[in-house]
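**Student:**
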Amino acid sequence: MDYLLKEIAVFVRIIELGSFRAAAEDMHLTQSALTQRLKKLEEAVGVRLIERTTRSVAPTAVGRSFLPVAKRMLVQFEQSMEDLNTLIQARTGQVTIASLISVATYVLPGALKRFNEAHPNVSVRIFDDPEQEIAGRVRRGEAEFGIDMETAAPDPEIEMTALLEDRYVLVFHPGFPGVPDGPVAWADLAELPLVTYGARSGTNRLMHERLADLPRTGQWRYEVQHLSTLMGLVRAGLGVGIVPTLAMAGQDEGALLQRPLVAPDMRRSLVLVQRRGAELSPAAEILKSFTLDAFERFGGTG
Numbered sequence: 004m005d006y007l008l009k010e011i012a013v014f015v016r017i018i019e020l021g022s023f024r025a026a027a028e029d030m031h032l033t034q035s036a037l038t039q040r041l042k043k044l045e046e047a048v049g050v051r052l053i054e055r056t057t058r059s060v061a062p063t064a065v066g067r068s069f070l071p072v073a074k075r076m077l078v079q080f081e082q083s084m085e086d087l088n089t090l091i092q093a094r095t096g097q098v099t100i101a102s103l104i105s106v107a108t109y110v111l112p113g114a115l116k117r118f119n120e121a122h123p124n125v126s127v128r129i130f131d132d133p134e135q136e137i138a139g140r141v142r143r144g145e146a147e148f149g150i151d152m153e154t155a156a157p158d159p160e161i162e163m164t165a166l167l168e169d170r171y172v173l174v175f176h177p178g179f180p181g182v183p184d185g186p187v188a189w190a191d192l193a194e195l196p197l198v199t200y201g202a203r204s205g206t207n208r209l210m211h212e213r214l215a216d217l218p219r220t221g222q223w224r225y226e227v228q229h230l231s232t233l234m235g236l237v238r239a240g241l242g243v244g245i246v247p248t249l250a251m252a253g254q255d256e257g258a259l260l261q262r263p264l265v266a267p268d269m270r271r272s273l274v275l276v277q278r279r280g281a282e283l284s285p286a287a288e289i290l291k292s293f294t295l296d297a298f299e300r301f302g303g304t305g
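The sequence shown runs 4 to 305 under the numbering used here.
Okay, here's the thing in structure tokens:
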């Protein structure tokens with residue numbers, strides 16, 4: 004049917020007030036405009052809804068049956084508009100994002116704390132994923148935005164905002180033997196037992212790309228899939244690890260030591276990714292802003 008809620012509202016108001024004139028005044032319409040709206044509704048349903056005489060106005064039999072339905076429609080529409088306004092104002096709802104595990108561990112908690120204080124009734128779902136999965140989740144609309152490592156091949160469906168140049172360092176337990184003082188060249192790692200990453204790790208990919216021409220850089224003793232596992236093994240003194248500086252932010256002072264890695268210097272570029280041309284929900288826009296602020300406190304570039 005092609006009638007609108009304003010036609011239904013006219014029908015309801017005429018019955019409630021019992022007068023075309025009173026309804027027109029109440030709705031700030033001319034009687035002619037009011038009558039045209041009622042006529043449009045009656046033409047849409049195919050029957051008369053109101054009996055008109057010179058002395059009274061009353062619903063027809065069909066009108067009496069339709070009246071409670073019409074009232075419910077108006078109430079439901081009003082409630083829906085209130086719910087929509089609440090969502091627009093980011094008072095309720097849900098935001099879904101994707102993030103590198105290291106960022107989800109060490110950066111996002113600060114942004115999420117601010118977001119929760121401002122919008123306590125908005126839920127946040129986080130896909131804390133390996134690098135290979137984040138852009139895909141954003142591209143498919145599973146996440147509104149993500150925090151990822153920049154890749155050499157740009158994705159035309161994804162737009163990126165620079166966040167942080169995160170330098171890699173050598174991390175080790177205090178007193179671990181054989182670690183030089185000062186900066187460590189990658190070639191010097193050949194004598195140290197490494198805790199290294201599996202093939203799904205973005206750091207693993209980056210190391211293979213940028214260090215392919217170096218001699219073997221170390222005797223890997225353990226291979227893990229997640230940064231948190233690597234840090235646990237290093238804390239236990241089982242080997243040394245190569246981690247982004249960001250990962251050191253969450254360590255207790257003195258629990259682990261670090262050395263700059265040089266010859267060559269290796270960094271990862273962290274970026275915020277979202278679908279090109281897609282508009283974030285109001286809540287996601289706010290969380291994005293808090294996330295950008297959090298990276299600024301880590302010395303970000305975005």
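Positions of the beta carbon are idealized from the N, C-alpha and C atoms, including for glycine.
Out of Arg24, Ala47, Pro267, point me to the one whose CA is closest to alanine 36's CA.
**Tutor:** Residue Arg24 is the option with its Cα nearest to alanine 36.
**Student:** Is the Cβ-Cβ distance between valine 125 and proline 196 less than 9 angstroms?
**Tutor:** No. Outside cutoff.
**Student:** Run through DSSP, which three-state label would valine 110 get?
**Tutor:** Correct three-state label for valine 110: coil.
**Student:** Residues in its own chain within less than 8 angstroms of alanine 114 by CB, not counting five upstream and five downstream?
**Tutor:** Hits under 8 angstroms: Leu290, Phe293, Thr294, Asp296, Ala297.
**Student:** For leucine 52 and chain C, any beta-carbon pair shorter than 9 angstroms?
**Tutor:** No chain C is part of this structure, which consists of one protein chain only.
**Student:** DSSP beta-bridge partners for serine 102?
**Tutor:** According to DSSP, which records beta bridges pairwise, serine 102 is partnered with Asp131, Ile150.
**Student:** Specify, as a first and last residue, the run of the beta strand (DSSP E) that proline 263 falls within.
**Tutor:** Per DSSP, proline 263 belongs to the beta strand (DSSP E) from 260-265.
**Student:** Measuring straight from C-alpha to C-alpha, what distance separates valine 141 and glycine 149?
**Tutor:** So the two alpha carbons sit approximately 7 angstroms from each other.
**Student:** Nearest to glutamate 256 by CA position, among Leu209, His211, Pro177, Ala12, is which residue?
**Tutor:** Glutamate 256 has its Cα closest to that of Pro177, out of Leu209, His211, Pro177, Ala12.
**Student:** Quick check on the burial criterion: 16 or more other C-beta atoms within 10 angstroms. Buried or exposed for histidine 122?
**Tutor:** Answer is buried; the Cβ neighbour count reaches 16.
**Student:** Drop a sphere of 10 angstroms on the beta-carbon of leucine 230, count the other beta-carbons inside from all chains shown, and report buried for 16 or more, exposed for fewer.
**Tutor:** Per the 10 Å Cβ criterion, buried.
**Student:** Go through its chain and collect everything with a Cβ distance to threonine 199's Cβ below 6 angstroms, but skip five positions before and after it.
**Tutor:** For threonine 199, where only same-chain residues beyond five positions count, the Cβ hits under 6 angstroms are Trp223, Glu226.
**Student:** Can you tell me whether serine 292 is helix, strand or coil according to DSSP?
**Tutor:** In the structure shown, serine 292 sits in a helix (DSSP, three-state: H, G or I).
**Student:** If alanine 258 and tyrosine 109 are in contact, beta carbons under 8 angstroms, what's the gap, nearest whole angstrom?
**Tutor:** No, alanine 258 and tyrosine 109 are not in contact; Cβ-Cβ is about 15 angstroms, not under 8 angstroms.
**Student:** Using DSSP with H/G/I as helix, E/B as strand and the rest coil, what is arginine 67?
**Tutor:** Helix.
**Student:** Output the distance between the C-alpha atoms of proline 112 and isoleucine 100, rounded to the nearest integer angstrom.
**Tutor:** Near 13 angstroms, if we compare the C-alpha coordinates of isoleucine 100 and proline 112.
**Student:** Taking the C-alpha atoms as reference points, what is the distance between leucine 233 and glutamate 299?
**Tutor:** Looking at the two C-alpha atoms, the distance is approximately 27 angstroms.
**Student:** According to DSSP, arginine 278 sits in a beta bridge with which residue or residues?
**Tutor:** Partner(s): Ile161.
**Student:** The alpha helix (DSSP H) with glutamate 194 in it runs from where to where?
**Tutor:** Premise fails: glutamate 194 is in no alpha helix (DSSP H) and is neither H nor E.
**Student:** Whole-angstrom Cβ separation of aspartate 131 and alanine 146, contact assumed at under 8 angstroms?
**Tutor:** Incorrect: roughly 11 angstroms between the Cβ atoms, too far for contact.
**Student:** Do you know how far the Cα of leucine 273 is from the Cα of leucine 32?
**Tutor:** The alpha-carbon atoms of leucine 32 and leucine 273 are separated by roughly 58 angstroms.
**Student:** Taking Cβ positions, are glutamine 228 and arginine 208 nearer each other than 9 angstroms?
**Tutor:** Contact: no.
**Student:** State the DSSP-derived secondary structure class of phenylalanine 179, mapped to helix, strand or coil.
**Tutor:** Of the three classes helix, strand and coil, the one that applies to phenylalanine 179 here is coil, per DSSP.
**Student:** May I ask you to list the residues that DSSP assigns as paired with glutamine 97?
**Tutor:** Answer is Ser126, bridged to glutamine 97.
**Student:** Would you tell me roughly how many angstroms separate the C-alpha atoms of asparagine 58 and isoleucine 17, rounded to the nearest one?
**Tutor:** One detail in the question is off: residue 58 reads as arginine in this sequence, not asparagine. Approximately 14 angstroms, taken between the alpha carbons.
**Student:** Quick check: what's the CA-CA separation for aspartate 29 versus leucine 167?
**Tutor:** Going by the C-alpha atoms only, they are around 59 angstroms apart.
**Student:** DSSP three-state call for aspartate 29: helix, strand or coil?
**Tutor:** Reduced to three states, the DSSP call for aspartate 29 is helix.
**Student:** Quick one: what's got a C-beta closer than 8 angstroms to glutamate 10's C-beta in the same chain, skipping five residues either side?
**Tutor:** Once the five neighbours on either side are set aside, the close Cβ partners of glutamate 10 are Arg40, Leu41, Lys43, Leu44, Ala47.
**Student:** Measure the alpha-carbon distance for alanine 73 versus proline 159 and round it to whole angstroms.
**Tutor:** Looking at the two C-alpha atoms, the distance is approximately 48 angstroms.
**Student:** What residues in its chain sit with their C-beta under 6 angstroms from that of valine 246, if we drop five residues either side in the sequence?
**Tutor:** Within the same chain, valine 246 has close Cβ partners Val174.
**Student:** Tell me glutamate 168's beta-bridge partners as DSSP assigns them.
**Tutor:** Note: glutamate 168 sits in a beta bridge opposite Ser272.
**Student:** Would the beta-carbon of leucine 77 fall within 9 angstroms of that of valine 15?
**Tutor:** In this structure, valine 15 lies closer than 9 angstroms to leucine 77 by Cβ.
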